[in-house]
Each structure stands twice: as structure tokens, then as C-alpha cells.
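Okay, structure first, notes after.
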Amino acid sequence: MVATVERFQLEKRVDGIIVYRLADMLRESIDAFTEAATKTDLWAVENDCHARCLLDITKIRFPNPYAISRIQTLIKSTPDEIRESFAVLTPTSNLYSFARAIINHIPQSKTNSIRFFREEAEALAWLDERLQEIGP
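Numbers 72 to 207, taken from my numbering, label the letters of the sequence shown in order.
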């Protein structure tokens, strides 16, 4: 399954991993991503499934205040009972550091399943490890 909203793409891989790709930080793209991620979270909780997700932001230079706010709200609103693993691909050390700073202001219980990567292969390998640890 692949869904696209201009500069946002959503794909469900055969192995069950949900891939979100953001090409920009425009409101429309951020809104599409946060809406899709919220639906994934709710589906995972309702079906008692382990949501394995990859967010590719390698085309992003720097987030804007709107994107930061929406993503923080998304993370904070993640259901406590969810089994989730979220790999984030970041393009540069500056964006990586900035993303870590955003995450550091959110309770660890909401972020302990989020990891940052520079290579997609490493991110996918971690998501496979999490599948073994947590189950489907």
C-alpha cells in the first residue's frame, strides 16, 4: 500500500513496517504525516499489534516551529499501552542533534522506542531486532 500527499509518502511494506517519507516541512505534509501516524497508533492499540515505523526525513534541511509543535504533540499523545518501535532517518548531524533536543523535552516513557539513524539499512535492522524483542 502506498499513499502520497504531494511531498509526503506512506508505504506499508510486505514485512509490516510502515514507512513515512517527508520531503518538506510544509503544513500540508506535516498534517498528513501526523494524521497517518495517529491512525497507525490507534490501529496498533486496538489490534494489540507492534507498530514498527520508519520516518525518513533525509530530504529535510531544518524543521520549522509548526512541524516541531505537531511532532511533539504527536509523541505526547501516543497511547501509553502501545507497542511501538519508531526509527527516524536524519540526513545531517545538525538535524540529528536538533531532533534529539526535541525528544529530550518529552517524558522518556513516550520516547524510549524512538531511535535515530543515518542509514536506512541500520534502521530496518533495528526494527527487525525490535520485532524479535517485542513480538508482532
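Think of the CB as a built atom: it goes at the ideal place given N, C-alpha and C, for glycine as much as any other residue.
Going by DSSP, what residue range makes up the alpha helix (DSSP H) through residue i?
i	result
F104	98–117
A158	It is not in any alpha helix (DSSP H) - A158 instead sits in the beta strand (DSSP E) that spans 154–160.
E82	Where E82 is concerned, there is no enclosing alpha helix (DSSP H), although the beta strand (DSSP E) it sits in stretches over 79–83.
I146	136–147
So, at 8 Å on beta carbons, what are the nonlocal neighbours of residue i in its own chain, with the 5 sequence-adjacent residues on each side left out?
i	result
L113	P150
Check each candidate in the options and name the one with the smallest Cα separation from residue i.
i	options	result
Q203	R154, N175, S168	R154
L97	I142, Y137, L125	Y137
I173	T111, S184, P134	P134
W197	L125, V85, N175, R84	L125
D127	S148, D86, V85, S100	S100
Measuring straight from C-alpha to C-alpha, what distance separates residue i and residue j?
i	j	result
E82	V159	15 Å
I89	N165	25 Å
D119	T144	23 Å
D102	R141	8 Å
A94	I131	6 Å
A107	Q80	10 Å
E193	D86	16 Å
V116	E191	26 Å
T163	E152	32 Å
Which residue comes first and which comes last in the beta strand (DSSP E) that contains residue i?
i	result
A172	Premise fails: A172 lies in the alpha helix (DSSP H), 164–175, not in any beta strand (DSSP E).
A122	121–127
R189	Note, R189: premise wrong, no beta strand (DSSP E); not H, not E.
R92	89–93
Spatial neighbours of residue i within its chain, please: CB distance less than 7 Å, with the 5 preceding and 5 following residues excluded, ordered by chain position.
i	result
A170	V159, T161, F187
Tell me which same chain residues have a C-beta within less than 6 Å of the C-beta of residue i, skipping the five on either side of it?
i	result
P207	H121
R189	none
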